[in-house]
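Residue numbers (our numbering): 8 to 360.
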């Protein structure tokens, strides 16, 4: 019995150690996206669909607001072993007035692997085998083509399945990243034009929108899409908006709740009018509006946290609503809980990891 107990304890210890190593690796995975702004936000007017009060479900319980102790970033999984190629910085600009983030455009040899918003790459110092990579979600729209689905009612030949997808010819592309400055990432946040990096193949499945927002998997196709992001988590959300994969432009509505600390910490302000033209109602939320901004901006919009705004607005037609989330753990957990309480199908609340 003692021998068995020792064997089981050793096995459990090894599994825990392996898990901890994996979790430490994921702490580097960040959702980033670029935009340059130098002025306070002025929201453009947008037309929204009038919904009967009975169709709006407001959660009855508001989860605890995010505190400094609950701002752990949600990260993507560590994925397969990287296959490195060269990426070259084309530009590096300050992405918000506070200077807390930079926007980097990077040219890569092959952009065909980036087909779904929310996918990411690993990036590290060129030629340094021991360098710790950063995990960066690609902020720009996908540059590759998604494989065509097999028509229903027809079976693919076994040989075609065994052969896998047809090989594609490499096509150079320029991707954009939003990178939050930290104490240990100056190697990329201080990059100049022409700086080179090792860049992995595209990783992750991104937001599984086609599988869960379209068709009749849960109910009728999604009529209302909610987007939630905090800080640099706006990166993959931007990719989704600009990918045209959200299916906007018809009767489907879309609202983006975007939370930052101050008005000066908000990238993408210059893109908000463009997103509204695409059919996305932008709801920026500032958690510390009383902090002075170096730009002189005085925030007069909504305040608090993203989940506060969701509780105030409620969820329109929850059975036919879906959501995309990327940001700090506290926000994501609160929003998921509130959407579930409202009646949104769990499978339609999507993350990119």
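Just so it is clear, CB atoms sit at the ideal spot from N, CA and C, and this is done for glycine as well.
These figures come from a predicted structure and were not determined experimentally.
Handout entry: N- and C-terminal bounds of the alpha helix (DSSP H) containing residue 3
Key = Residue coverage of the chain in this structure runs from 8 to 360, which leaves residue 3 outside it and unanswerable.
Problem - Terminal residues of the alpha helix (DSSP H) in which residue 313 lies - result: Here residue 313 is taken as the residue at index 306 of the chain shown, counted from 1. Element bounds for residue 313: 313-320.
Handout entry: Counted within 10 angstroms of its Cβ, other Cβ atoms place residue 178 as buried (16 or more) or exposed
Key = The residue given as residue 178 occupies position 171 in the chain shown. Taking every protein chain shown into account, the CB of residue 178 has fewer than 16 other CB atoms within 10 angstroms, so this residue is exposed.
Exercise for the section: Give a yes or no on whether the C-beta atoms belonging to residue 129 and residue 246 are separated by under 8 Å. Expected result: What you label residue 129 is simply residue 122 of the chain shown in a count that begins at 1. What you label residue 246 is simply residue 239 of the chain shown in a count that begins at 1. Cβ atoms of residue 129 and residue 246: not closer than 8 Å.
Exercise for the section: Express the C-alpha separation of residue 345 and residue 148 in angstroms, rounding to a whole number. Expected result: Indexing the chain shown from 1 puts residue 148 at position 141. Indexing the chain shown from 1 puts residue 345 at position 338. Straight-line Cα distance between these residues: approximately 29 Å.
Practice task
Compute the Euclidean distance between the alpha carbons of residue 96 and residue 234, then round it to the nearest angstrom.
Solution key: Position 89 of the chain shown, counting from 1, holds the residue named residue 96. Position 227 of the chain shown, counting from 1, holds the residue named residue 234. Cα to Cα, residue 96 sits roughly 29 Å from residue 234.
Practice task
Mind checking who residue 184 pairs with in its DSSP beta bridge?
Solution key: One-based indexing of the chain shown puts residue 184 at position 177. BP columns for residue 184 point to 111.
Exercise for the section: Given a cut-off of 8 Å, decide if residue 111 and residue 127 are closer than it, judged by their beta-carbon atoms. Expected result: In the chain shown, the residue the question calls residue 127 occupies position 120. In the chain shown, the residue the question calls residue 111 occupies position 104. Taking 8 Å as the Cβ cut-off, residue 127 and residue 111 do not qualify as a contacting pair.
Handout entry: Cα-Cα separation, residue 226 to residue 285
Key = Counting from 1 along the chain shown, the entry for residue 226 is found at position 219. Counting from 1 along the chain shown, the entry for residue 285 is found at position 278. The straight-line gap from Cα to Cα measures roughly 25 Å.
Exercise for the section: Mind checking which residues open and close the beta strand (DSSP E) that includes residue 242? Expected result: In the chain shown, counting from the first residue as 1, residue 242 sits at position 235. Looking at the DSSP string, residue 242 is not in any beta strand (DSSP E); the run it does join, the alpha helix (DSSP H), is 241-250.
Exercise for the section: Less than 8 Å between the CB atoms is what I'm expecting for residue 267 and residue 287, so what's the real figure, rounded? Expected result: Along the chain shown, one-based indexing puts residue 267 at 260. Along the chain shown, one-based indexing puts residue 287 at 280. Between the beta-carbon of residue 267 and that of residue 287 there is about 17 Å, and that puts the pair past the 8 Å contact cut.
Exercise for the section: Specify whether the stretch 350-359 and the stretch 259-266 touch according to this definition: at least 3 beta carbon pairs, one from each stretch, less than 8 Å apart. Expected result: no
Handout entry: Where residue 211 falls: helix, strand or coil (DSSP)
Key = Here residue 211 refers to the residue found at position 204 of the chain shown. DSSP places residue 211 in coil when its eight states are reduced to three.
Practice task
Would you mind reading off the limits of the alpha helix (DSSP H) that contains residue 255?
Solution key: In the chain shown, residue 255 corresponds to position 248, counting from 1. Here residue 255 belongs to no alpha helix (DSSP H), and DSSP marks it neither H nor E.
Handout entry: residue 219 - containing alpha helix (DSSP H), residue span
Key = Reading the chain shown from its first residue, position 212 is the one you call residue 219. Where residue 219 is concerned, the enclosing alpha helix (DSSP H) stretches over 216-220.
Handout entry: Nonlocal neighbours in the same chain, by C-beta distance under 7 Å from residue 213, ignoring five residues either side
Key = By 1-based counting over the chain shown, the position of residue 213 is 206. In its chain, beyond the 5 residues on either side, 123, 124, 125, 126 and 359 have a beta carbon closer than 7 Å to the beta carbon of residue 213.
Problem - Cα-Cα separation between residue 330 and residue 230, rounded to whole angstroms - result: As a first step, residue 330 is located in the chain shown; it is residue number 323 there, counting from the start. As a first step, residue 230 is located in the chain shown; it is residue number 223 there, counting from the start. Their backbone Cα atoms lie some 11 Å apart in a straight line.
Problem - Boundaries of the beta strand (DSSP E) in which residue 227 is found, first to last residue - result: For the purposes of this step, residue 227 is taken as residue 220 along the chain shown, with counting starting at 1. From DSSP, residue 227 is part of no beta strand (DSSP E); its letter is neither H nor E.
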